[in-house]
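Enquirer: Numbering (the numbering used here), first residue to last: 1041 to 1900.
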C-alpha cells in the first residue's frame, strides 16, 4: 500500500506517535503541578513547555501506521488525552486521524485546540485558518477567535486585530467570547503602543548561553552572594526510582552556579523527587523550596520545605505544616519578604496555590512567619489576584514592591509581569512593566537582585523549541541604566527661580548616607536615581524655610528624568531693587545696594549690601514690620536713595523699589578755563556788565593770534623767537581753543541735567592781569563773568534761557580781579610786549567755572 501524504497544514509540524507520548504527558502535568504555567480556558496564554532533547522519530508516516488503529480509534484516544490535559498526545492522535481524513473540519479544530493548549502556536494558527477555509456552514466560529488569540501570542498584533474584528462581526459567536473579543481589540492596540514605546533604559541579555540556558527550560533564578540558584530540566532521571515502572519521567533539579562557572546540582536535591523554586530570606538565614512527587501516573503534588542555615551549612529541609501545604492542592513558587513595620524579625511568606478560597485559578497567598519558624493562617492577596492565574510572586524588601505575573490583566499575549507597592499594609494599584520586560509570550519569575538589575524567565522568541514550534524557558538578566533626577528651587512668594540653594537627597528605607549639591548661580541640581525608590529631597537656603518633597521612581517618565520642584518661603521677605540711569531710564548694571534698617527715621544698622552685577536688580531680605533706607552707589554717578516705609511690605506681595542714579559727568569737565584778550570785553570802561557773550570775545581773540606772536617775538634772536612762537602757539591752541571746546561739551551735558529736573548752580570766578588798577580790574573780571552768563543765555539755541529765568539754572559771580595774580606776572604798562602779549600775562586774563552745585528736584 502506498504511503499517504500529510495535509498541507500538518507538514513540517507533525510527527507520528512514538514513545515521546509518555514523556510529554509527564512534562505537561509536571509543569502544571509545579506551577510554571496553568491551563487556559478562554483567550489567555497557552501553556509553556520546557525543551527537552529527544531522538526524533523516523518518517512522518510509515507502513506500521497505515496498518495501525482506525481514524476513529485515534480520535477517541485524542479526546481522552485532551480530557487529561495531555495536549501534546492529543495533537498527535488527531494528526494521525487527519492523515486519513484531511478535510475533517471537526478533527482539524480539535487538532488546533490541542496545539494551542500545548503551546505550538504556529501549528495552531495554521489549523485554525484551515478550519475557517473549510467550515462553509460556520459551525466552528471560535476558530477565528482562537486564530486571533494565537496570533496575538506570537506578537502578530495587526492580523490578530483584524481577526478579532472579524469575530465580533459574526452573528453566531458565543456571547462571552464576543465580549472578550471586544476587549482584545483594545488590547491589540494597547500592545502595539507598548512595543512602540519600549523602555530605552533597560539592557536585556539572555545570560550565559550553553552554561545556564540550555536546550531545556531554566527558570526561577535568584542570586545569593556569588552564587546563582535556579531550577532546570537539564538533569533528566530516566529511571523511575520510586515505582520502577515506565513511562520514563523527567526530574527537575535546583542548580547552583558560582561566579558564572559551570553549574552543579545543589546538595538540597533528592534523587527521586522534583526540587525547584529556591527562595531565601532577606538576611540569608532561611531557605524555602519545592519538593514534588508523582501521585499516580500523571498527577503531581508539590509542597513547600523550609531549611535553616547552621554554621554556614543548610540543615535538611522540613516540610511546612498543613496550614501552608494544603491537602489536595498545589503549593508552589515561594518567596520571602520582610514584614514592613515589624521589629521582631518577622517575615512574610508569599506563595502560589490553587487551594479553595481564592479568586480562581492560581492565586498568590501570604503567611506571616515568626523568628521561630511559626506560620499564620494564609491570606489571599485580594488586591492582586484575579479570576485567572496569578503566579511567581517576588517581594523586594528594600522597596516594598511585589512583582508577579498574571493572565488576568491586560496582556501583550501571555503571562505579563506586573508590580504593586505595599503601603500601610495594602497593595497599591498594579502597574504593567514595559517592553522589553514583557513580550507577547510568557514572562515570569521577575526577581530584583540589586538596585539596578533583575532576573526573569521567558519563552519568548529566541528560545530553543522542544518540538514543532513550542518553546522552552530561558533566564534573562535585565540591567537598568541610571536615571536622572533634577531638583529645582523657587521662591514660594514670587514663584521666581531661587539660586544659591543646597539640595540634600536621601534614599528612603536605605542606610546609604544622604548626598548634597549646591546650586550656585542657578536654581537646579542633578542627581542619579534608581528605579522603584522613594527619595526625600530637601532644599535649604539661609533666610528661607526649607522645603521637602518625596520623589517615587516607580513610574518612569518618557525622558527617564524625574523633576522635583521645591518652593522655599522666606523667613525674611524678599525686597526687589532695580537700578536705572536717570537720564535715559535704561537699566544700570553694577550698582552697589546698601540696605539700612531705620527706626523713627533714624538709622539703626546696616543690614545688607549687594551688587547688581551684570544685571540691574537684586533681592534683599527684609522683615515685614521694619522700615528701611536703600542707597544705590556707582562710580562716576551721583547716588540715589529711596525709603521703605511702614505698611509697604505685605505678605505674598513682591515689593519693588527703583533707584535712578545720575551720571556725575559735569565734574569731569571742571575746571573750565575761558581766556580773554587784553581789556576785553568792552575795552576802556568801568562797567561791571556787558552784552557780549563769551563766544564773541573768543572768536575775536583767536583772530589776533598772529599779532600776539609777531609783537612778542620782535627783536628776539632766531632761537628765542622760535621758542617764544611755540609757547604762544600752544597757549592759543591748547588753552584758549581747548577751553572753549570744553565749555561747549559742558553745556551739552548740562542740558541733560536740566531736562531731568536738577537745579544747578554754576560758580564762575573771574581773573585779570595786574596791568591796570585794582578797581578797574575788578570791574573787568565781573564783565568777563557776565559774558559767560550771556553765553548760557544764547547757547544751544537758547535752551538754558528758561532755566535761567526760572532760577533752575544760576550763574554765581566770584570776581577776584588781580588779587590772585602771581607777583612775577609783568605789570609795567610801558613794556606792553611783556604785560600784554606774553603767555604769563595772557593766562591771567580768564574766567573759570570751578564748581557746580546740584539739587535734585523731588520728581521722577
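Built from N, CA and C at the ideal position, the CB exists for glycine as well.
All values derive from a computational prediction rather than experimental measurement.
Let me check one thing: in DSSP terms, what residues is residue 1305 bridge-paired to?
Expert: For residue 1305, which the question treats as bridged, DSSP gives the partners 1295.
Enquirer: Based on the DSSP output, what are the partners of residue 1246 in its beta bridges?
Expert: According to DSSP, which records beta bridges pairwise, residue 1246 is partnered with 1516.
Enquirer: Is the region 1446-1463 in contact with the region 1474-1484, if contact means three or more CB pairs nearer than 8 Å?
Expert: These segments touch.
Enquirer: What's the gap between the Cα of residue 1218 and the Cα of residue 1298?
Expert: For residue 1218 and residue 1298, the distance between alpha carbons rounds to 52 Å.
Enquirer: When the distance is taken between beta carbons, is residue 1567 closer than 7 Å to residue 1525?
Expert: Yes, the pair counts as a contact, with Cβ atoms nearer than the cut-off.
Enquirer: If you follow the beta strand (DSSP E) that residue 1648 is part of, which residue opens it and which one closes it?
Expert: Looking at the DSSP string, the run of the beta strand (DSSP E) that includes residue 1648 is 1642-1651.
Enquirer: Pairs of beta-carbons, one from the region 1139-1153 and one from the region 1166-1173, closer than 8 Å: are there three or more?
Expert: They touch, by the three-pair rule.
Enquirer: Would you mind giving the Cβ-Cβ distance between residue 1849 and residue 1804, rounded to the nearest angstrom? I have them listed as a contact below 8 Å.
Expert: No, residue 1849 and residue 1804 are not in contact; Cβ-Cβ is about 12 Å, not under 8 Å.
Enquirer: Between the region 1613-1623 and the region 1678-1697, are three or more C-beta pairs nearer than 8 Å?
Expert: These segments touch.
Enquirer: Would you say the region 1872-1883 touches the region 1819-1834, given that touching needs at least three Cβ pairs under 8 Å?
Expert: With a cut-off of 8 Å, the region 1819-1834 and the region 1872-1883 do not count as touching, because too few Cβ pairs lie within range.
Enquirer: For residue 1659, which option in 1408, 1360, 1555 and 1533 has the closest C-alpha, if you only look at C-alpha atoms?
Expert: Minimum Cα distance to residue 1659 is reached at 1533.
Enquirer: Would you give the residue range spanned by the beta strand (DSSP E) that residue 1147 belongs to?
Expert: Per DSSP, residue 1147 belongs to no beta strand (DSSP E); it is in the alpha helix (DSSP H), 1145-1158.
Enquirer: From residue 1117 to residue 1147, what distance separates their C-alpha atoms?
Expert: Whole-angstrom Cα-Cα distance: 12 Å.
Enquirer: Using 7 Å as the threshold, is the C-beta distance between residue 1622 and residue 1555 below it?
Expert: The answer is no: Cβ separation not under 7 Å.
Enquirer: Taking the alpha-carbon of residue 1775 as reference, which of 1865, 1115, 1712 and 1820 has the nearest alpha-carbon?
Expert: Comparing Cα positions, the closest option is 1712.
Enquirer: Tell me, to the nearest whole angstrom, how far the beta carbon of residue 1607 is from that of residue 1587; I am working on the premise that it is less than 8 Å.
Expert: About 5 Å separates the two Cβ atoms, so the contact holds.
Enquirer: DSSP three-state label for residue 1280, please.
Expert: Note that residue 1280 scores 46 on pLDDT, short of 50, meaning its location in the model is unreliable; the coordinates nonetheless yield the value given after this. Coil.
Enquirer: Using CA coordinates, which residue listed in 1820, 1355, 1882 and 1483 is at the minimum distance from residue 1447?
Expert: That would be 1483, whose Cα lies nearest to the Cα of residue 1447.
Enquirer: Just mark residue 1364 as buried or exposed, buried being the case when its beta carbon has 16 or more other beta carbons within 10 Å.
Expert: It counts as buried.
Enquirer: So for residue 1842, helix, strand or coil by DSSP?
Expert: Residue 1842: helix per DSSP, three-state reduction.
Enquirer: Assuming the contact rule is C-beta atoms closer than 8 Å, residue 1734 and residue 1714 should be a hit. Round their C-beta distance to whole Å, please.
Expert: 6 Å between Cβ atoms; contact.
Enquirer: Could you give the residue range of the alpha helix (DSSP H) that holds residue 1739?
Expert: Run containing residue 1739: 1734-1742, per the alpha helix (DSSP H) assignment.
Enquirer: For residue 1029, list the residues DSSP reports as bridge partners.
Expert: A question about residue 1029 goes unanswered here, because the residues of the chain that appear run from 1041 up to 1900.
Enquirer: To which residues of the same chain is residue 1584 closer than 7 Å at the C-beta, ignoring the five residues directly before and after it?
Expert: 1608, 1609, 1610 and 1611, listed in sequence order.
Enquirer: Counting Cβ pairs, one atom from each stretch, are 3 or more of them under 8 Å apart for the region 1587-1596 and the region 1629-1648?
Expert: Result no; under three Cβ-Cβ pairs closer than 8 Å.
Enquirer: Which of the three DSSP states, helix, strand or coil, is assigned to residue 1210?
Expert: Coil, per DSSP.
Enquirer: Nearest by alpha-carbon distance to residue 1572: which of 1414, 1159, 1596 and 1766 is it?
Expert: The residue with the shortest Cα to Cα distance from residue 1572 is 1596.
Enquirer: Reducing DSSP to helix, strand and coil, say where residue 1668 ends up.
Expert: Reduced to three states, the DSSP call for residue 1668 is strand.
Enquirer: Could you check the C-alpha separation between residue 1272 and residue 1545 for me, to the nearest Å?
Expert: Straight-line Cα distance between these residues: approximately 43 Å.
Enquirer: Would you mind working out which of 1710, 1201, 1471 and 1417 sits nearest residue 1893, comparing C-alpha positions?
Expert: With distances taken between Cα atoms, residue 1893 lies closest to 1710.
Enquirer: Check whether the region 1486-1499 touches the region 1423-1437, taking contact to mean three or more Cβ pairs, one atom from each stretch, closer than 8 Å.
Expert: With a cut-off of 8 Å, the region 1423-1437 and the region 1486-1499 count as touching, because enough Cβ pairs lie within range.
Enquirer: Between which two residues does the beta strand (DSSP E) harbouring residue 1110 extend?
Expert: First-last for residue 1110: undefined, no H or E at that position.
Enquirer: Answer with buried or exposed for residue 1739, where buried requires no fewer than 16 other C-beta atoms within 10 angstroms of its C-beta.
Expert: Exposed, since its Cβ has fewer than 16 Cβ neighbours within 10 Å.
Enquirer: Near residue 1405, which residues of its chain fall below 8 Å by C-beta distance, leaving aside the five closest residues on each side in sequence?
Expert: 1390, 1391, 1392, 1393, 1395, 1398, 1418, 1419, 1420 and 1421, listed in sequence order.
Enquirer: Excluding the 5 residues preceding and the 5 following residue 1890 in the sequence, name in chain order all residues of the same chain whose CB lies nearer than 7 Å to its CB.
Expert: Contacts found: 1710, 1711, 1803 and 1805.
Enquirer: Give me the DSSP bridge partner(s) of residue 1436.
Expert: For residue 1436, which the question treats as bridged, DSSP gives the partners 1441.
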